[in-house]
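Heads up: the structure comes next, in structure tokens.
Residue numbers (our numbering), protein chains in the order written: chain P, 1 to 789; chain A, 1 to 156.
Shown next, in the form of structure tokens:
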């Protein structure tokens, strides 16, 4: 369909060969001369007052170079949302969860560092703990933070339209509940950090982060260093999915140790620390009342949610807003009320994870739609098709969808999965242990506003043309964390400059290279993509102007294509330029000899004319959203949407669930890299499947995680995941570069309800507590049977 | 008390003094500087540290270095020859089986063992073979497809 040479293809990732040969360098692979090893003392208690910290024995241990606590670190508050800075580098007054950071040590080797941590003596006064998010706000509960009254760190009370009017218009009204468990992102690479200082006070930190820019700001603020003296570099990152987006105590501690010792310091989490640090999915308790008219059109949604976010606010303020705002689409819904409460408890802090804040809300709402369809005797896909929004519409909470392939996606999965042959059209369930279910989802394509209030550009890109001629380097602060953004930037640049991918280098993930807010909220393709295109076009303009000047033709008559300068106004004799180029390259072989001027010649000549050629690009979204409180969260220049169909088999004797197939369709606007779009869809589906069926952090009564490892915290293996069919829908987003928008998170939105609806079709049983383990399903099936009998 | 062991890693013989409790993974990554092999958990749950020990796919994080005394070890760095990717690596690159890449070295080594044993595995055999190698990015779909492609190529 497209005229592009590079875009919209299945080009292999630019980093794939390095990753296939073991050459790709991740933070833990780095080693610096004189490097020290760090270890952290974590709290063994969920809630306690710190009476005294004695580090003397640790300091005396041979090989220990520095021991730091709040006394060295200070107590400057930091966090994610500036209005809710509730963390300090180390605990000073209290510890608030098992794992909270109390002290850190740098030593000549790992064993010494760990031994030193063991020698730090802390006297605690144990305090009563809060573990249940549902009762954390109750009168008389122990308080975690003075600043979070009643253990509530954020609340949202929204009312759009008029739900009472909607209630009166409703033919069916039903109320349902769904709760989930805290989840771990379970990226394969544990967090790793390496920091060092220079004699002029500059601090460099390599870290497995998703957001070098925000981390740079937090380091500078909490450690009190001028911003320009802090550099954050992101080497290859082994997956992030959200939790690596916020600056961590460990990052701050390692930098502090490097500053104190004057030596490079490294820390790599073990897997248990990944679980303890968490910042992953919240626990959600949703209640929804939804009304529909006789014809199945939605009349209102009344939604209440409590989010248990663990000990600190982290990303949770955004999370509680997203839980409400993203139900504004993908269906026409005029009346919506939302009351969301984000509470703190004595558990590891939760933050952002793929599908930020919105997946469990989406799950319950889509389950409700199925239950309503059943009551109406309507096919659940038909009910959805009746309600889906179209491009050009605005949700009740003022989100404008400029492109929207929701209908197309839903029809695509319906037809591809042969829905009509498998599901009874009257809405009756199939039963007998075989089931099929469907659901939709809706997600932002980049957050409309930065986390701190600012007019900042969300991204800039600096594309430098090699002075020697032939290649270009794209410089960007964006973060490829495995999702493939470097490849997207290379493809855009190669397309614009008529180059092959091999002639484009991408330097990224470094706060020195450019401003980029990072890899979160599914923003990079749209936002950095815009800036990257602009930078490439700027570089191209300069090259062509230089050549046009030399040839005395209008620049508009020249173009760059397939590695050559092309004249649109008839053949041009470039022999004078070639002569100069050849003269410079005596002794070289394979020099250009065809009739066309090569990009290498053109870019070299342009340098000789103009000096170094640098193209720049920038992007910031236009002002978005309504004027109500919290209107910023959920805004985006564009919205992706997804539909899926799941087919399951349930063993009615044991409750064991086997996924047979998942068919997904996602509207990504335009697939810059087809393979990568499918890859994001596959990964989203698998993560959602884990959350639906197996993933749950389990705490004991003292707030300790009992399954902080990848054997007892189960994520899907190759044997669990069924064949996945990914269908790409391209709606050509007007606000996206080349029509592109997100796919990284939107594709997780329908997964859980798709599976829940399929399980219901197979068993006739609804479960309102995730994950749906065989035990929970068995119990529910038995309860249903007993009720009948 | 350190013990001297000798082993062959990717065709090169080494004699190394190691603490008895040092793992094969630490030896490979830190002493030999072969950082292609990854540590994802350190306790045998994730498979990212998989190497071939005398031809058998082995979690190097659960293997003591001294257990490898006299053995042959193959890591991801051994797969490409003369700078050319082998068929399996090329299939991983071409099919999009690599995203973050952290599971890739272990995944490749497990699959290398599988394909030596069984050059034409069924999809179910592939999935069983790699079920001890966790991947959080791909949903395994493109990994399985890449392995299938690599085995198809071997018919030519």
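Each residue gets a CB set at the ideal place from its N, CA and C atoms; glycine is no exception.
Two segments are said to touch when three or more pairs of C-beta atoms, one from each, lie closer than 8 Å; by this definition the segment 759-773 of chain P does not touch the segment 35-54 of chain A. For the pair residue 22 of chain A and residue 119 of chain A, the Cα-to-Cα distance works out to about 35 Å.
Residue 475 of chain P sits in a strand when the DSSP states are folded into three classes. Counting every other CB atom within 10 Å of its CB across the protein chains shown gives residue 34 of chain P a total below 16, marking it as exposed. When Cβ-Cβ separations below 8 Å define contact, residue 150 of chain A makes no contact with chain P. Ranked by Cα distance from residue 446 of chain P, the first of P:458, P:302, P:14 is P:458.
The CB of residue 29 of chain P comes closer than 7 Å to the CB of 35 in chain A, given here in chain order. Excluding five sequence positions before and after residue 293 of chain P, the CB atoms of its chain that fall closer than 8 Å to its own CB belong to 169, 170, 171, 299, given in chain order. Cβ-Cβ distances below 7 Å link residue 703 of chain P to 46, 97, 98, 129, 131, 346, 347 in the same chain, with the five nearest sequence neighbours on each side left out; the list follows chain order.
Distance from the Cα of residue 145 of chain A is smallest, within the candidate group A:113, A:52, A:98, for A:98. Residues of chain P whose Cβ lies closer than 8 Å to the Cβ of residue 142 of chain A are, in chain order, 675, 678, 679, 682.
Against chain P, the CB of residue 11 of chain A has no partner CB under 8 Å away; the residue lies outside that interface. Residue 451 of chain P carries a coil assignment under DSSP once its states are collapsed to helix, strand and coil. From the beta-carbon of residue 19 of chain P, the residues of chain A found nearer than 7 Å are 98, 101, 104.
Against chain P, the beta carbon of residue 80 of chain A has neighbours under 7 Å at 21, listed in chain order. Excluding residues up to 5 positions away in sequence, 478, 485 lie with their Cβ nearer than 6 Å to the Cβ of residue 524 of chain P in the same chain.
As DSSP reads the structure, residue 174 of chain P sits in a beta bridge with P:290.
DSSP, reduced to helix, strand and coil, places residue 443 of chain P within a strand of the structure shown.
The secondary-structure analysis by DSSP pairs residue 559 of chain P across a beta bridge with P:566. When Cβ-Cβ separations below 8 Å define contact, residue 94 of chain A makes contact with chain P. The beta carbon of residue 678 of chain P sits closer than 8 Å to the beta carbons of 726, 728 from its chain, once the five residues preceding and following it are set aside; these are given in chain order. Contact annotation: the segment 324-338 of chain P does not touch the segment 93-112 of chain P, with fewer than three C-beta pairs closer than 8 Å. Note that the segment 87-101 of chain A touches the segment 132-143 of chain A; at least 3 beta-carbon pairs, one per stretch, sit closer than 8 Å.
Contact note: residue 130 of chain A reaches chain P through 718, using a C-beta cutoff of 7 Å and chain order.
Proximity to residue 88 of chain A across A:1, A:151, A:11, A:126 peaks at A:151, based on C-alpha coordinates. Excluding residues up to 5 positions away in sequence, 491, 494, 495 lie with their Cβ nearer than 6 Å to the Cβ of residue 6 of chain P in the same chain. Residues of chain P with a Cβ closer than 7 Å to the Cβ of residue 145 of chain A do not exist, since the nearest Cβ in that chain sits about 10 Å away.
Think of a sphere of 9 Å around the beta carbon of residue 85 of chain A: the chain P residues whose beta carbon falls inside it are 17, 20, 21, in chain order. Under the Cβ criterion of 8 Å, residue 89 of chain A is counted among the residues facing chain P.
Within chain P, 271, 709, 711 have C-beta atoms less than 8 Å from the C-beta of residue 43 of chain A, given in sequence order.
In its chain, beyond the 5 residues on either side, 96, 97, 100, 144, 344, 345, 346, 347, 348, 349 have a beta carbon closer than 8 Å to the beta carbon of residue 311 of chain P.
Annotation for residue 57 of chain A: the continuous beta strand (DSSP E) segment containing it runs 56-59.
Of the other Cβ atoms in all chains shown, 16 or more fall within 10 Å of the Cβ of residue 86 of chain P; this residue is therefore buried.
For residue 52 of chain P, the pairing in a beta bridge is given by DSSP as P:123. For residue 205 of chain P, the enclosing beta strand (DSSP E) begins and ends at 203-207. Counting C-beta atoms within 10 angstroms of its own C-beta, residue 533 of chain P has 16 or more neighbours from the protein chains shown and is therefore classed as buried.
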